[in-house]
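Numbering (our numbering), first residue to last: 9 to 223.
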């Protein structure tokens, strides 16, 4: 990706602070993160793009992780919400993941999560940021302790995400009935086995993978 779909460009010219400084930093960071990915971007680069001193980035956001979270406007901290997954037996993990997600969508975080998904559907830059949230913050926790070759691990993780996002899209955005109205427990009974197959199931006639002890 060579540019932001909304036509944003980093602003030049050093700034010492002001009412719009924080917004300038966020604008520059969103572009950098979307174009290059979290790991390839430094706070110094973002400060240069925003035309501010690097100390102001630390002043407003503290760290690159905090700045990234502000760019995506996460309604929750994945480390806190999904922190228990590493200690969940892999054979039970799909149900725990699905229950956690459904509980979030029935919480006050729902409005922000809907906005995040909608923005990703309408903006290449926001979609790139959401992909990084999934690959950096969510999937590593969902797949913790599962011993696969890297390519199979990534495929299983992406299938897990596709199933969950499809479910949320149909239930909360398109509101397809009766899926939109049935209770969470019924959804868990129907969908969790499919998610578990993506995590640990026998695919293509191969055996289920070995698992490493929970961290």
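Quick reminder that beta carbons are idealized off the backbone N, C-alpha and C, glycines included.
Would residue i be called buried (16 or more neighbouring beta carbons within 10 Å of its own) or exposed?
i: residue 194; result: exposed
i: residue 75; result: buried
i: residue 85; result: exposed
i: residue 35; result: buried
i: residue 191; result: exposed
i: residue 184; result: exposed
i: residue 182; result: exposed
i: residue 87; result: exposed
i: residue 69; result: buried
i: residue 123; result: exposed
i: residue 57; result: buried
On the premise that residue j lies in contact with residue i, defined as a C-beta separation below 8 Å, what is that separation, rounded to the nearest angstrom?
i: residue 80; j: residue 108; result: Not really, about 19 Å apart at Cβ, beyond 8 Å.
i: residue 207; j: residue 101; result: 6 Å
i: residue 55; j: residue 47; result: Their Cβ separation, rounded to whole angstroms, is 18 Å, which puts residue 55 and residue 47 out of contact at 8 Å.
i: residue 197; j: residue 188; result: No, residue 197 and residue 188 are not in contact; Cβ-Cβ is about 17 Å, not under 8 Å.
i: residue 147; j: residue 169; result: 7 Å
i: residue 153; j: residue 98; result: 6 Å
Does the distance from the CB of residue i to the CB of residue j come in under 8 Å?
i: residue 29; j: residue 51; result: no
i: residue 137; j: residue 78; result: no
i: residue 150; j: residue 93; result: yes
i: residue 112; j: residue 121; result: yes
In its own chain, which residues sit with a C-beta less than 8 Å from the C-beta of residue i, not counting the 5 before and 5 after it?
i: residue 117; result: 83 and 84
i: residue 173; result: 125
i: residue 199; result: 106, 171 and 175
In chain order, what residues of the same chain have a beta carbon less than 6 Å from the beta carbon of residue i, not counting five sequence neighbours either side?
i: residue 205; result: none
By Cβ distance, which residues of its chain are closer than 7 Å to residue i, with the 5 residues on each side in sequence left out?
i: residue 128; result: 134, 135 and 138
i: residue 164; result: 156, 206 and 207
i: residue 96; result: 104
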